Amino acid sequence: LKLGEGEKVPFPWAMSDIGLPPPPPPPPPGEGGEAYDGNPFGALVQPPPLVLRCKVVLLGDSAAGKTSLAKVFQGGAQSFPKNYNMTIGVDFLVKRVNIPETNVAVELYIVDCGGFSVCQDSLRPQWETANAMMLVYDVANPESLSHLEDWYAQLKYARGESAISGVVIATKTDLMDQPGCISVEQGHQFCAERGLELFETCSSRGVVDAPFHFIAERFYHKYGERKQELENLH
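In terms of this note's numbering, the sequence shown has 88 at position 17, counting the first letter as 1, and numbering is strictly consecutive.
Given below as structure tokens:
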């Protein structure tokens, strides 16, 4: 091949000859007829989560295991207190629970109430504004179950006509084999007489989540029911 003066060797794959593939066609509209908005990442963008806040009060005798229950729920089994410290007045913990198959999280604002009668005046403002309650007893201490009726009665008295949902929690179930422990049947009988659910927990083994998740999901469903009622007014 002879080239004349000023001529260049032709490059068979000159960029001007390379055709870029055409853009893919837009996806068909969805079932609802939504038009493609030109953003290929639109389906990956999730709306911000809806956060509902639920205030939960823990009631029961001193040394029933309320603080351990709350701390292990918040931080896992490694948060189980090695030394016992009595709660005087109230202590507060916060943890979110994601509601399965939704974009909703319930933020549980947990109020750990001291088990001394001298503290009850400071507890009542917390009882009056609570969304849910947890009545806690120690399976190794029969008096802690019999005293729950007093705690429950005082809570209802403080709230007047305002209803409240809740659960009963049996703690320290790893001690169930000891003589004189409260049987599961006794716990269920107490709950059945008051229309409450019973949950068995063991903070030292990290088995505490179930009652908190139950409270969170019930609060979420009540929110949905209330929202529907308000929408039906329009």
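Quick reminder that beta carbons are idealized off the backbone N, C-alpha and C, glycines included. Source: prediction; values computed, not measured.
### Message
Classify residue 208: buried if its beta carbon has 16 or more other beta carbons within 10 angstroms, exposed otherwise.
### Response
Indexing the sequence shown from 1 puts residue 208 at position 137. By the neighbour-count rule (16 or more Cβ atoms within 10 Å), residue 208 is buried.
### Task
Report the option in 250, 226 and 136 whose CA atom is closest to the CA atom of residue 272.
Within the sequence shown, residue 272 is the residue found at index 201, counting from 1. With distances taken between Cα atoms, residue 272 lies closest to 136.
### Query
Can you list, in chain order, the stretches of the alpha helix (DSSP H) that have 4 or more residues and sit fully within the stretch 217-264?
Qualifying alpha helix (DSSP H) stretches, in chain order: 219-230 and 255-263.
### Message
Per the DSSP calculation, residue 178 is bridged to which residue(s)?
### Response
As a first step, residue 178 must be located in the sequence shown, where it is residue number 107. Answer is 124 and 167, bridged to residue 178.
### Query
For residue 235 versus residue 282, is the C-beta spacing smaller than 8 Å?
For the purposes of this step, residue 235 is taken as residue 164 along the sequence shown, with counting starting at 1. For the purposes of this step, residue 282 is taken as residue 211 along the sequence shown, with counting starting at 1. Contact flag unset, no.
#### Entry: Buried or exposed (CB count within 10 angstroms, at least 16 for buried), residue 197
Position 126 of the sequence shown, counting from 1, holds the residue named residue 197. Around the beta carbon of residue 197, 16 or more other beta carbons sit within 10 angstroms, so the residue counts as buried.
### Proximity of residue 125 and residue 180 at Cβ, strictly below 8 Å
The residue you call residue 125 lines up with position 54 of the sequence shown. The residue you call residue 180 lines up with position 109 of the sequence shown. In contact: residue 125 and residue 180 (Cβ atoms closer than 8 Å).
### Beta-ladder partner(s) of residue 270, from DSSP
Translated into the one-based positions of the sequence shown, residue 270 becomes position 199. Per DSSP, 240.
### Query
Anyone know if the C-beta pair for residue 143 and residue 203 falls short of 8 Å?
Looking up residue 143 in the sequence shown gives position 72. Looking up residue 203 in the sequence shown gives position 132. Not closer than 8 Å, so no.
### Query
Terminal residues of the continuous beta strand (DSSP E) containing residue 301?
Reading the sequence shown from its first residue, position 230 is the one you call residue 301. Looking at the DSSP string, residue 301 is not in any beta strand (DSSP E); the run it does join, the alpha helix (DSSP H), is 280-303.
### Message
Within the continuous beta strand (DSSP E) that includes residue 207, where are the two ends?
### Response
The count along the sequence shown starts at 1 and reaches residue 207 at position 136. Counted as a single uninterrupted DSSP element, the beta strand (DSSP E) harbouring residue 207 occupies residues 203-209.
### Query
Which of helix, strand or coil does DSSP assign to residue 162?
Mapped onto the sequence shown, residue 162 falls at position 91. Three-state result, residue 162: strand.
### Task
Leaving out five residues on either side along the sequence, give the residues of the same chain with a beta carbon under 6 Å from the beta carbon of residue 215.
If you number the sequence shown from 1, residue 215 lands on position 144. Answer for residue 215: 132, 135, 208 and 209, listed in chain order.
### Query
Can you check whether the CB of residue 118 is closer than 8 Å to the CB of residue 175?
Residue 175 sits at position 104 when you count from the first residue of the sequence shown. Residue 118 sits at position 47 when you count from the first residue of the sequence shown. No; because the gap between Cβ atoms is not below 8 Å, this pair is not in contact.
### Query
Helix or strand or just coil, what does DSSP make of residue 192?
Against the sequence shown, residue 192 aligns to sequence position 121. Residue 192: helix per DSSP, three-state reduction.
### Message
Strictly under 8 Å for the Cβ-Cβ distance: is residue 224 near chain D by that measure?
### Response
Judged by its chain identifiers, the structure shown contains no chain D, having just a single protein chain.
### Query
In whole angstroms, what separates the C-alpha of residue 270 from that of residue 301?
In the sequence shown, the residue the question calls residue 270 occupies position 199. In the sequence shown, the residue the question calls residue 301 occupies position 230. Near 33 Å, if we compare the C-alpha coordinates of residue 301 and residue 270.
### N-terminal and C-terminal residue of the alpha helix (DSSP H) that residue 145 is part of
Here residue 145 corresponds to residue number 74 of the sequence shown, with the count starting at 1. Taken as a continuous stretch (DSSP letters only), the alpha helix (DSSP H) holding residue 145 covers 137-146.
### Task
Leaving out five residues on either side along the sequence, give the residues of the same chain with a beta carbon under 8 Å from the beta carbon of residue 152.
Here residue 152 corresponds to residue number 81 of the sequence shown, with the count starting at 1. Closer than 8 Å at the Cβ level, and outside the excluded window around residue 152, lie 138, 139 and 142.
### Query
Given that a residue counts as buried once 16 or more other Cβ atoms are within 10 Å of its Cβ, and exposed if not, what is residue 168?
Sequence index remark: in the sequence shown, residue 168 carries index 97 (1-based). By the neighbour-count criterion, in which 16 or more other beta carbons inside 10 Å mark a residue as buried, residue 168 falls on the buried side.
### Query
What residues in its chain sit with their C-beta under 7 Å from that of residue 274, if we drop five residues either side in the sequence?
In the sequence shown, the residue the question calls residue 274 occupies position 203. Take residue 274, set aside five residues on each side of it, and the residues of its chain with a beta-carbon closer than 7 Å to its own are 136, 139, 140, 143, 151 and 242, in chain order.
### Query
Alpha carbon to alpha carbon, what distance is there between residue 164 and residue 264?
Translated into positions along the sequence shown, residue 264 becomes position 193. Translated into positions along the sequence shown, residue 164 becomes position 93. Between the alpha carbons of residue 264 and residue 164 lies a distance of about 30 Å.
### Query
Residues bridged to residue 183 by DSSP?
For this step, residue 183 is matched to residue 112 along the sequence shown. 129 and 162, per the DSSP bridge assignment.
### Query
Of all the options 201, 177 and 183, which has the alpha carbon lying nearest to the alpha carbon of residue 162?
Looking up residue 162 in the sequence shown gives position 91. Residue 183 is the option with its Cα nearest to residue 162.
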